[in-house]
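If you want our numbering, it's the position in the sequence shown, counting the first as 1, plus 106.
For each residue, glycine too, the CB sits at the ideal point set by N, CA and C.
These notes are about the structure you will find just below.
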Amino acid sequence: MGVMTAQDETSRAAILTVDDDPGVSRAVARDLRRQYGNRYRIVRAESASDALDALRQMKLRGDLVAVILADYRMPELNGIEFLEQAMDIYPGARRVLLTAYADTGAAIDAINVVDLDHYLLKPWDPPEEKLYPVVDALLDAWLESDHRPVPETKVVGHRWSARSSEVREFLARNQVPYRWYASDEPEGERLLAAAKTDGLALPVVITPDGEAMVEPSDAELAARVGLATTPSKDFYDLVVIGGGPAGLGAAVYGASEGLRTVLVEQLATGGQAGQSSRIENYLGFPDGVSGAQLTDRARRQATKFGAEVLTTRDVVGLEVCGSARRVTFADGTSIDAHTVILATGVSYRRLGAPGLDDLTGRGVYYGSALTEAQACLGQDVYVVGGANSAGQAAVFLARHAKSVTLLVRGPSLEKSMSYYLIKQIADIPNICVRTCTEVIDASGEDHLEHLTLRNTATGESEIVDAQLLFLFIGAAPLTDWLDDLVVRDGRGFVVAGPDLSVGGERPRGWELDRMPYHLETSVPGVFVAGDARSESAKRVASAVGEGALAVMLVHRYLEKT
Ligand SMILES: Cc1cc2nc3c(=O)[nH]c(=O)nc-3n(C[C@H](O)[C@H](O)[C@H](O)COP(=O)(O)OP(=O)(O)OC[C@H]3O[C@@H](n4cnc5c(N)ncnc54)[C@H](O)[C@@H]3O)c2cc1C
């Protein structure tokens with residue numbers, strides 16, 4: 107016999123009762139329902155194992171359990187043994203043992219074993235006198251304790267598990283609310299037990315409907331947390347590749363101007379801007395705006411206008427198929443469109459020092475300062491980089507960390523960082539700037555413990571204790587997959603418009619009797635916007651502006667073909 111509960115009663119806290127005698131079980135549930143059914147969900151089981159399964163499922167869903175009433179004499183586990191296990195799942199639930207008179211001795215012993223709140227002698231008639239006063243008192247006590255519901259996605263992981271921090275980053279950047287539980291803390295352990303996993307493979311992600319996923323991939327996560335991953339059509343007017351400010355700008359203008367538009371993003375919309383703790387120079391935000399806020403709004407704006415936004419889809423190929431442009435995904439599927447806007451931006455360069463690769467995600471992070479902020483509490487943190495992104499991260503982390511040391515390879519910040527940031531940094535007492543310094547080694551057992559720093563002026567090196575290192579060391583375009591189809595400069599940035607022409611002539615291989623439009627690449631109908639473009643400004647505002655301009659040129663292209 108399974109567990110009985112009404113379907114529509116999922117949002118209320120539960121009172122669970124278990125008794126192996128179906129008649130008694132029904133009678134308890136009936137009496138409870140009559141008195142508490144409008145405020146609590148009454149869950150009834152006829153065996154200890156069914157009841158434990160029900161509790162585990164409720165735990166994974168984030169449901170609340172206020173009171174558990176268990177019969178003492180049950181065949182597989184007696185009531186005390188059952189309550190002991192139930193306590194591992196719901197330590198805060200109040201516990202009641204139902205006993206016959208003959209078993210009162212056992213019930214009294216149980217007060218110590220399972221910290222029993224009450225034992226009730228059967229029969230409990232009339233309930234108004236014997237049952238309800240007891241349950242009322244227990245509910246009052248339960249209501250006074252902390253029992254906030256946790257309906258959102260839960261991530262059980264370990265601070266030094268690289269995949270755990272990637273998953274947090276992924277969820278955060280996709281604006282999926284989640285709650286983090288350390289796998290070695292009691293509630294994390296309880297969730298792992300409820301999911302029947304041993305905690306060796308982390309993280310375990312539990313969806314709001316209670317499904318547990320062990321070490322899920324980004325694509326699995328996206329699908330389960332409700333992010334679109336597959337296109338609804340096979341032909342579009344415009345495919346935008348990349349979901350940073352340039353791509354989002356293009357999607358907003360494209361969709362709002364009636365183009366059938368799909369935006370394809372390999373990870374999470376927001377791009378680099380989504381990782382910026384505070385953008386202070388974007389027009390219209392005199393007090394600054396967090397990159398996540400700005401790009402989340404942009405994504406909602408794009409979808410409001412009807413753009414499709416696909417996440418966790420990596421574009422790996424672009425082909426010309428007659429008048430169509432074909433975009434191929436990593437899984438081999440493809441979509442066709444009249445036009446394409448490349449908005450693939452740039453990604454962080456990796457630092458080659460020994461030890462860093464192994465410790466990435468275990469104390470070493472490329473750019474992901476935001477989600478690791480809590481881990482910095484009271485720590486000595488190192489940030490590498492001399493540009494604005496490193497400066498912003500140092501300012502942001504200094505609010506949480508004991509100290510922040512900014513490691514800069516050059517002799518000063520003046521050449522590479524905006525004046526306003528240099529000034530902010532100088533005014534923050536727990537930030538120290540070390541110029542002429544580079545990281546030459548990183549070490550640690552299962553997470554970062556030491557860094558070796560070298561002074562480039564004197565050649566001297568020094569080993570420092572370090573648990574957290576954030577690297578912001580410049581960026582490279584993500585355009586290798588374009589092969590030779592579109593012209594790129596020596597560093598891989600896509601060349602467009604007038605920059606393509608040599609001495610005022612049409613570019614080589616260009617067959618149309620007009621020059622390429624301003625942001626058009628060497629392939630007609632394929633445009634580039636934002637940081638991926640050769641000689642671009644590397645700013646949020648210019649990326650957004652280029653996204654909008656590219657859409658205007660898409661219209662011009664469509665009118666003329
Ligand atoms: C920490 C930080 C702070 C910054 N602060 C500021 C600031 O204060 N002011 C300012 O003006 N600028 C700032 N910048 C710079 C600014 O964020 C960038 O100039 C801007 O984000 C560029 O936008 P983009 O759309 O061209 O590229 P990106 O933001 O790089 O976005 C490109 C997107 O394309 C995706 N993508 C790449 N390849 C593929 C593929 N093959 N398939 C699918 N998707 C793909 C990527 O995952 C990414 O999401 C900052 C940058 C950083 C990193």
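Check your understanding: Is there at least one non-hydrogen atom of ligand 1 closer than 7 angstroms to the beta-carbon of Pro351?
Key -> The count along the sequence shown starts at 1 and reaches residue 351 at position 245. Yes - ligand 1 has a heavy atom lying nearer than 7 angstroms to the Cβ of Pro351.
**Study point:** Cutoff 7 angstroms; reference Ala154; Cβ partners in own chain excluding five residues on either side
**Key:** The sequence position of residue 154 within the sequence shown is 48, counting from 1. Cβ within range, chain order: Val124, Met180, Glu182, Leu183, Phe188.
Review point. Which stretch, first to last residue, makes up the beta strand (DSSP E) that contains Gly423?
Key: Residue numbering aside, residue 423 sits at position 317 when the sequence shown is read from its first letter. Its beta strand (DSSP E) spans residues 421-427.
Practice item. Measuring only between beta-carbons, confirm whether Arg118 sits less than 8 angstroms from chain D. Key: Protein chain content of the structure displayed is limited to a single chain, and chain D is not contained in it.
Exercise for review: May I ask whether a heavy atom of ligand 1 can be found less than 7 angstroms away from the beta carbon of Ile385?
Suggested key: Position 279 of the sequence shown, counted from the start, is the residue given in the question as residue 385. Yes, the beta carbon of Ile385 sits closer than 7 angstroms to at least one heavy atom of ligand 1.
Practice item. Look at the alpha carbon of Asp242 and the alpha carbon of Arg405, and state the distance between them as a whole number of angstroms. Key: On the sequence shown, position 136 is the one that residue 242 refers to. On the sequence shown, position 299 is the one that residue 405 refers to. The alpha-carbon atoms of Asp242 and Arg405 are separated by roughly 48 angstroms.
Practice item. May I ask which residues mark the beginning and end of the beta strand (DSSP E) holding Gly263? Key: For this step, residue 263 is matched to residue 157 along the sequence shown. 259-263 is the span of the beta strand (DSSP E), which, as asked, contains Gly263.
Check your understanding: I think Gly516 touches Ser522, with their Cβ atoms under 8 angstroms apart; what is that distance to the nearest whole Å?
Key -> As a position in the sequence shown, residue 516 is number 410, starting the count at 1. As a position in the sequence shown, residue 522 is number 416, starting the count at 1. Yes, Gly516 and Ser522 are in contact; Cβ-Cβ is about 7 angstroms, under 8 angstroms.
Practice item. Can you tell me which of Leu625, Asn494, Ala151 puts its alpha carbon nearest to the alpha carbon of Leu519? Key: Locating residue 519 in the sequence shown gives position 413, where the first residue counts as 1. For the residues Leu625, Asn494, Ala151, the minimum Cα distance to Leu519 belongs to Asn494.
Exercise for review: Let me know the secondary structure DSSP gives Ala654 once reduced to three states.
Suggested key: Here residue 654 refers to the residue found at position 548 when the sequence shown is read from its first residue. The answer is helix: DSSP assigns Ala654 an H, G or I state.
Practice item. With a threshold of 16 other CB atoms inside 10 Å of the CB of Asn280, please say whether the residue is buried or exposed. Key: Residue numbering aside, residue 280 sits at position 174 when the sequence shown is read from its first letter. That one is buried.
Exercise for review: Kindly identify the DSSP beta-bridge partner or partners of Val538.
Suggested key: For this step, residue 538 is matched to residue 432 along the sequence shown. Reading the sequence as shown, one finds Cys at residue 538 and not Val. Thr511, per the DSSP bridge assignment.
Point to revise | Alpha carbon of Leu462 to alpha carbon of Ser131, nearest angstrom | key: For the purposes of this step, residue 462 is taken as the residue at position 356 of the sequence shown. For the purposes of this step, residue 131 is taken as the residue at position 25 of the sequence shown. If you take the alpha carbons of Leu462 and Ser131, they lie about 60 angstroms apart.
Review point. So which of His444, Ala436, Ala325 has the shortest CA-CA distance to Thr367?
Key: Against the sequence shown, residue 367 aligns to sequence position 261. Cα-wise, what sits closest to Thr367 is His444.
Exercise for review: Return the residue from the list Tyr663, Lys644, Tyr359 that minimises the CA-CA distance to Asp619.
Suggested key: Taking the first residue of the sequence shown as 1, we reach residue 619 at position 513. Comparing Cα-Cα distances from Asp619 to each of Tyr663, Lys644, Tyr359, the minimum goes to Tyr663.
Practice item. Using alpha carbons as the reference points, say which of Ser362, Leu365, Ala357 lies closest to Gly653. Key: Within the sequence shown, residue 653 is the residue found at index 547, counting from 1. Ranking Ser362, Leu365, Ala357 by Cα distance to Gly653 puts Ala357 first.
Review point. Regarding Thr420 and ligand 1, is the C-beta to nearest heavy atom distance less than 7 angstroms?
Key: Locating residue 420 in the sequence shown gives position 314, counting from the first residue. Sequence inspection shows Asp at residue 420; the Thr mentioned does not correspond to that position. Because some heavy atom of ligand 1 lies under 7 angstroms away, the Cβ of Asp420 counts as near it: yes.
**Study point:** Strand pairing of His224, partner residues [DSSP]
**Key:** Stepping through the sequence shown from its first residue, residue 224 is reached at position 118. In the DSSP output, where bridge partners are listed per residue, His224 has Val202.
Point to revise | Nearest residue (CA-CA) to Thr434, options Asp393, Pro337, Gln378 | key: Walking along the sequence shown from the start, residue 434 turns up at place 328. Per the Cα distances, Pro337.
**Study point:** Same chain only: Cβ atoms within 8 angstroms of Tyr623, ignoring 5 sequence neighbours per side
**Key:** To locate residue 623, count along the sequence shown from 1; it is residue 517. Excluding residues within five positions, the ones whose Cβ falls inside 8 angstroms are Gly603, Phe633, Leu659, Arg662, Tyr663.
Review point. How would you call Leu122, buried or exposed, if buried means at least 16 neighbouring beta carbons within 10 angstroms?
Key: Taking the first residue of the sequence shown as 1, we reach residue 122 at position 16. A buried status is given to Leu122, since no fewer than 16 other beta-carbon atoms sit within 10 Å of its beta-carbon.
Exercise for review: Determine the burial state of Tyr454: buried for a count of at least 16 other Cβ atoms within 10 Å of its Cβ, exposed for fewer.
Suggested key: The residue labelled residue 454 in the question sits at position 348 within the sequence shown. Buried: at least 16 other Cβ atoms inside 10 Å.
Exercise for review: Taking Ser567 and Leu559 to be in contact with their CB atoms under 8 angstroms, please state how far apart those CB atoms are, rounded to whole angstroms.
Suggested key: Within the sequence shown, numbered from 1, the residue matching residue 567 stands at position 461. Within the sequence shown, numbered from 1, the residue matching residue 559 stands at position 453. Contact flag correct, Cβ pair sits at about 7 angstroms.
Exercise for review: Taking 8 angstroms as the cut-off, decide whether the C-beta atoms of Ser628 and Val592 are in contact.
Suggested key: Translated into the one-based positions of the sequence shown, residue 628 becomes position 522. Translated into the one-based positions of the sequence shown, residue 592 becomes position 486. Yes, the Cβ-Cβ distance between Ser628 and Val592 is below 8 angstroms.
Check your understanding: Ordered along the chain, which non-local residues of its own chain (more than five positions away) have a Cβ less than 6 angstroms from that of Val311?
Key -> One-based indexing of the sequence shown puts residue 311 at position 205. Hits under 6 angstroms: Val261, Met319, Pro322.
Review point. Where does Phe633 fall in DSSP's three states?
Key: Mapped onto the sequence shown, residue 633 falls at position 527. If DSSP states are grouped into helix, strand and coil, Phe633 belongs with the strands.
Exercise for review: Following the continuous beta strand (DSSP E) through Pro583, name the residue where it begins and the one where it ends.
Suggested key: Position 477 of the sequence shown, counted from the first residue, corresponds to residue 583. Its beta strand (DSSP E) spans residues 581-583.
Practice item. Go through the stretch 408-466 residue by residue and report every complete run of the beta strand (DSSP E) that reaches 3 residues or more, in order. Key: 414-416, 421-427, 430-435, 440-448, 452-454
Check your understanding: What do you get for Tyr526, buried or exposed, if any count of 16 or more other CB atoms within 10 angstroms of its CB means buried?
Key -> Stepping through the sequence shown from its first residue, residue 526 is reached at position 420. Its Cβ having fewer than 16 others within 10 Å, Tyr526 is exposed.
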